[in-house]
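Residue numbers (our numbering), protein chains in the order written: chain A, -1 to 453; chain B, 623 to 731.
Glycine included, each C-beta is placed from N, C-alpha and C at the ideal position.
Just below is one structure, and these are the notes that go with it.
See the structure below:
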């Protein structure tokens, strides 16, 4: 049996075609090593090759065992929890809609719209789940070019009203996070230079979006934070190479330091350096002392706290005074849930969501594929950050901002983006130990060799 | 002296985890290291090694990464925290087992 026959016999037993490539590459490298050892022992090339293949053992047995391992993985728990949480979201929207409808605030079609938006989101999730996430790497420049052009054109579209402009701007900020993860992978092995390039890209993208017309928004701040945390994970994993502890330390210090400077400027200097709008400064001040602004910007926080004080373990079947808050179907679904079903159900829902995202982060961190790792981590981190901000706001503790909660918030943009991210995470998990890491294109390798040779 | 293969197969995972607890290695290097340390007693075939390594990676005991060394891109395996815990458990079980076997064999001698 020669090398080709051996590899054919072995890979024929593996049903997944991506896994065949992954295994064949590793086995070929092993045969090469073994052959070299025989050559050093004084064997002829032909003899060394034959002996190296013979040393490998039975290809059919090995292939059958590898086939059992390299199968697409389905996380039944995550898929089940996702469907249950989506259903809870739809039920809550339906309840809020009914109560609001009685007050004549929103249209009766809202709960039907919720069903449609979630259906579209689930469709997007399914499409991404079954796709090869490495396509993002292969076409990253095309995708990023379309992202920049699309952002600019849409944000300058004269047909957008203020709300749509705001929502679109928020979506655009968030969508950058997985693209940034792919760029981090492209910069692998470039040590501190790669890290600086990634930071440069983050600065460029933020400036571009601001110049293109997005507003300062909580989504933008969270997206920057998610990118920095992704960068931190990349450094800690050693994806850039070089001194990973130093890189991670500097990044962690920035992640803590930047928000501290931000808050310091707002609280001590009235945002003199950040040039924030008056209402944005007020929101941050409200976070620390809502009672001082009870009749204006602190009104929502105080109302939420008041309702929470009267909350019981079993709900009262009404969404209560929270119904007076503008956009409760978006921003205050959890507090509505508490009033209607009680604290037990609310904590149960928060617990399931927390367990869901912790699981998502865990499976991402365990990925051998560095691209899968970065994509999974970036998507998990942004979903976790959004959920933390939303939960704290609904408990009257955090900033009063317009941010969505995965599964629960009403809206097409957020449903599609959240399900898209969950689709990426599930696709990464599905392809664990299946997809080989994408390699450089032949022209990139040639360029690297020429550079190394000083041509 | 030829060793009964069934004696070796149950402990291979433990031996591989032990090697990887010292440093990251690629497949061929592990076979050579095992052969050298056991004075040619443990001669593992690649066809046995890779399903074991991939299985351990799937269970989260190992992670792997590619790295260029001596002009070749090699796939290195690295032990995880879970892998270290598994190694400790397997070592304890092995010590208990070998102690019990020795007690039986030496009984009355």
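Same chain, Cβ closer than 6 Å to residue i, five either side skipped, listed in chain order
i              : result
residue 260(A) : none
residue 695(B) : 688
residue 168(A) : 215, 217
residue 413(A) : 115, 116, 119
residue 410(A) : 115
residue 227(A) : 379
residue 200(A) : 225
residue 420(A) : 123
residue 341(A) : 309, 311
8 Å contact criterion, which residue i and residue j should meet: CB distance rounded
i              : j              : result
residue 196(A) : residue 229(A) : 6 Å
residue 400(A) : residue 224(A) : Going by Cβ atoms, the distance from residue 400(A) to residue 224(A) rounds to 18 Å, so no, they are not a contact pair.
residue 235(A) : residue 357(A) : Not quite, the Cβ-Cβ distance comes to about 19 Å (not below 8 Å), so this is no contact.
residue 39(A)  : residue 650(B) : Residue 39(A) to residue 650(B), Cβ: 15 Å. No contact.
residue 27(A)  : residue 5(A)   : Actually they do not touch by this definition, with Cβ atoms about 12 Å apart.
residue 587(B) : residue 639(B) : Outside the displayed range of chain B (623 to 731) lies residue 587(B), so it cannot be described from this structure.
residue 179(A) : residue 350(A) : Not confirmed; about 26 Å, so no contact.
residue 301(A) : residue 323(A) : 6 Å
residue 24(A)  : residue 61(A)  : The Cβ separation is near 13 Å, so there is no contact.
residue 712(B) : residue 634(B) : Incorrect: roughly 11 Å between the Cβ atoms, too far for contact.
residue 686(B) : residue 42(A)  : About 33 Å; that fails the 8 Å criterion.
residue 69(A)  : residue 29(A)  : Contact doesn't hold; Cβ gap of about 25 Å is too wide.
residue 327(A) : residue 182(A) : With 8 Å as the limit, residue 327(A) and residue 182(A) do not qualify as a contact, their Cβ atoms being about 36 Å apart.
residue 107(A) : residue 408(A) : Their Cβ separation, rounded to whole angstroms, is 12 Å, which puts residue 107(A) and residue 408(A) out of contact at 8 Å.
Bridge partners - residue i, DSSP secondary structure assignment
i              : result
residue 696(B) : 689(B)
residue 648(B) : 698(B)
residue 727(B) : Answer by DSSP bridge pairing: none, since residue 727(B) is not bridged.
residue 620(B) : With chain B represented from 623 up to 731, any question about residue 620(B) goes unanswered, as that position is not in the structure.
Residues near residue i in its chain [Cβ-Cβ closer than 7 Å; skip 5 each side]
i              : result
residue 706(B) : 643
residue 221(A) : 171, 172, 174, 175, 380
residue 459(A) : Past the boundaries of the shown model lies residue 459(A); chain A is included only from -1 to 453, so the question cannot be answered.
residue 90(A)  : 331, 334, 335, 406
residue 702(B) : 682, 683, 684, 685
Proximal residues to residue i (C-beta, below 8 Å), its chain only, five neighbours per side dropped
i              : result
residue 246(A) : 230, 233, 234
residue 637(B) : 656, 664
residue 647(B) : 641, 655, 698, 699
residue 415(A) : 169, 172, 173
residue 72(A)  : 428
residue 188(A) : 195, 238, 239
residue 672(B) : 649
residue 291(A) : 280, 283, 284, 297
residue 674(B) : 634, 635, 638
Proximal residues of chain C, C-beta to C-beta of residue i below 9 Å
i             : result
residue 27(A) : The chain labelled as chain C is not found among the protein chains of the depicted structure, namely A and B.
With three or more C-beta pairs closer than 8 Å as the rule, is the stretch 14 to 32 of chain A touching the stretch 416 to 433 of chain A? With a cut-off of 8 Å, the stretch 14 to 32 of chain A and the stretch 416 to 433 of chain A count as touching, because enough Cβ pairs lie within range.
Is the stretch 399 to 409 of chain A close to the stretch 46 to 65 of chain A, with three or more CB pairs under 8 Å? Cβ pair count under 8 Å is below three, so no.
Contact between the stretch 306 to 322 of chain A and the stretch 272 to 282 of chain A (3+ Cβ pairs under 8 Å): Result no; under three Cβ-Cβ pairs closer than 8 Å.
In the stretch 669 to 694 of chain B, which residues sit with their C-beta less than 8 Å from some C-beta in chain A, listed in chain order? For the stretch 669 to 694 of chain B, the set of positions with a beta-carbon nearer than 8 Å to some beta-carbon of chain A reads 669, 670, 672, 673, 676, 677, 679, 680, 682, 685, 686, 687, 688, 694 in chain order.
With 8 Å as the C-beta to C-beta threshold (strictly closer), list the residues of the stretch 358 to 373 of chain A near chain B in chain order. For the stretch 358 to 373 of chain A, the beta-carbon criterion of a distance under 8 Å to any beta-carbon of chain B is satisfied by 364, 366, 368.
Members of the stretch 703 to 730 of chain B near chain A, C-beta cut-off 8 Å: Listed by position, the residues of the stretch 703 to 730 of chain B near chain A (Cβ gap below 8 Å) amount to none.
Does the stretch 141 to 153 of chain A come within contact of the stretch 329 to 336 of chain A, defined as at least 3 CB pairs closer than 8 Å? Counting Cβ pairs under 8 Å, fewer than three are found: no touch.
Members of the stretch 49 to 63 of chain A that neighbour chain B once the beta carbon cut-off is set at 8 Å: Taking 8 Å as the Cβ-Cβ cut-off, the stretch 49 to 63 of chain A approaches chain B at 53, 54, 55, 56, 57, 59, 60, 63, given in chain order.
Taking a Cβ distance cut-off of 7 Å, strictly less, list which residues of the stretch 643 to 657 of chain B are near chain A, in chain order. Going along the stretch 643 to 657 of chain B in chain order, one finds 649, 650 with a Cβ nearer than 7 Å to chain A.
Output, in sequence order along the chain, the residues in the stretch 257 to 271 of chain A whose CB is closer than 9 Å to any CB in chain B. Answer in chain order: no residues at all.
Closer than 8 Å is the cut-off here; do at least three beta carbon pairs connect the stretch 112 to 127 of chain A with the stretch 419 to 430 of chain A? Yes, the stretch 112 to 127 of chain A touches the stretch 419 to 430 of chain A.
Could you list the residues in the stretch 31 to 47 of chain A with a C-beta less than 7 Å from some C-beta on chain B, going in chain order? Residues of the stretch 31 to 47 of chain A that bring their beta carbon within less than 7 Å of a beta carbon in chain B comprise 31, 32, in sequence order.
Would you be able to state if there are at least three C-beta pairs under 8 Å between the stretch 381 to 394 of chain A and the stretch 349 to 356 of chain A? Yes: at least three Cβ pairs fall under 8 Å.
What residues in the stretch 406 to 439 of chain A bring their beta carbon closer than 8 Å to a beta carbon of chain B? Correct list: 430, 431, 435.
Closer than 9 Å, Cβ to Cβ, to anything on chain B: give me those residues from the stretch 138 to 154 of chain A, in chain order. For the stretch 138 to 154 of chain A, which is checked against every Cβ of chain B, not one residue is closer than 9 Å.
At a CB distance below 8 Å, what residues from the stretch 389 to 403 of chain A approach chain B? Give them in sequence order. Flagged: no residues at all.
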